[in-house]
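All remarks here apply to the structure that follows.
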Amino acid sequence: KAKEEGAAAVAAATEEGSSVLESATERITALEAEAAAAATASTAAAEELASAKAASAALEEELQAAKEAAALAPAAAAAPGEGVAELEGKLQAAEANAEKFKKAAAHWKQQTTKAKEEGAAAVAAATEEGSSVLESATERITALEAEAAA
Numbered sequence: 001k002a003k004e005e006g007a008a009a010v011a012a013a014t015e016e017g018s019s020v021l022e023s024a025t026e027r028i029t030a031l032e033a034e035a036a037a038a039a040t041a042s043t044a045a046a047e048e049l050a051s052a053k054a055a056s057a058a059l060e061e062e063l064q065a066a067k068e069a070a071a072l073a074p075a076a077a078a079a080p081g082e083g084v085a086e087l088e089g090k091l092q093a094a095e096a097n098a099e100k101f102k103k104a105a106a107h108w109k110q111q112t113t114k115a116k117e118e119g120a121a122a123v124a125a126a127t128e129e130g131s132s133v134l135e136s137a138t139e140r141i142t143a144l145e146a147e148a149a150a
């Protein structure tokens with residue numbers, strides 16, 4: 001009878017350990033998917049930031065060329081032309097856009113880091129819980145074997 005109880009205890013501990021491991025594996029998979037999504041969003045934000053910076057640089061060059069052209073024209077020297085004001089407005093909008101994308105990139109980088117940390121914590125917790133279940137099962141088996149031998 002003690003052997004049957006021992007076998008039942010081993011089966012229960014094994015089933016509990018499998019359940020804990022399965023739960024941890026599912027959580028890890030979910031966290032990895034979340035980290036991948038955050039990394040993708042971070043990459044997209046970085047690409048948009050690079051694009052915004054390039055657009056800003058192009059507009060800045062265009063503005064500089066317009067200012068130089070205005071300086072060469074005596075009539076336009078007194079007041080910047082409409083084109084220059086328009087380009088300055090576009091440049092300011094591009095710079096604001098670039099700043100927005102910098103913030104988005106920082107946000108997604110933070111989300112990626114957070115998801116990675118949560119994944120590592122879930123792995124550690126699952127490993128610790130699995131070890132605890134295994135240790136309990138081993139102790140129970142030892143106790144039942146000692147009981148059976150006595």
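Each step along the sequence shown adds one to the number in UniProt numbering, with nothing skipped, and position 107 is 107. Backbone N, C-alpha and C define an ideal beta-carbon position, used for all residues, glycine too. Note that the structure is predicted; figures quoted are calculated from it, not measured.
* Selection from Thr112, Glu5, Lys53, Lys67 that minimises the alpha carbon distance to glutamate 99 -> Lys53
* Asked: For leucine 72, does the count of other Cβ atoms within 10 angstroms reach 16, so buried, or fall short, so exposed?
  -> exposed
* DSSP state of alanine 76, grouped into three classes? -> With a pLDDT of only 49 at alanine 76, under 50, the local geometry of the prediction cannot be trusted, and no value is derived from it.
* Within the same chain, show all residues whose beta-carbon is closer than 8 angstroms to that of leucine 91, passing over the 5 residues directly before and after it, in chain order. => Ser56, Leu59, Glu60, Leu63
* To do: Check whether the stretch 116-130 touches the stretch 16-36, taking contact to mean three or more Cβ pairs, one atom from each stretch, closer than 8 angstroms.
  => yes
* Within 10 angstroms of its Cβ, does alanine 77 collect 16 or more other Cβ (buried), or is it exposed? -> Here the model assigns alanine 77 a pLDDT of 49, short of 50, so the residue's position is not dependable, and the following value carries that caveat. Label assigned to alanine 77: exposed.
* To do: Indicate whether residue 151 and threonine 112 have their beta-carbon atoms separated by less than 8 angstroms.
  => In the structure as shown, the chain begins at 1 and stops at 150. Residue 151 is therefore absent and cannot be evaluated.
* Determine, using beta carbons only, whether alanine 137 and alanine 13 come nearer to each other than 8 angstroms. => yes
* Can you name, in chain order, every residue of its own chain whose Cβ lies under 6 angstroms from the Cβ of alanine 126, other than the five neighbours on each side? -> Ala24
* valine 84 vs alanine 96 beta-carbon contact at 8 angstroms -> no
* To do: Determine the burial state of serine 19: buried for a count of at least 16 other Cβ atoms within 10 Å of its Cβ, exposed for fewer.
  => exposed
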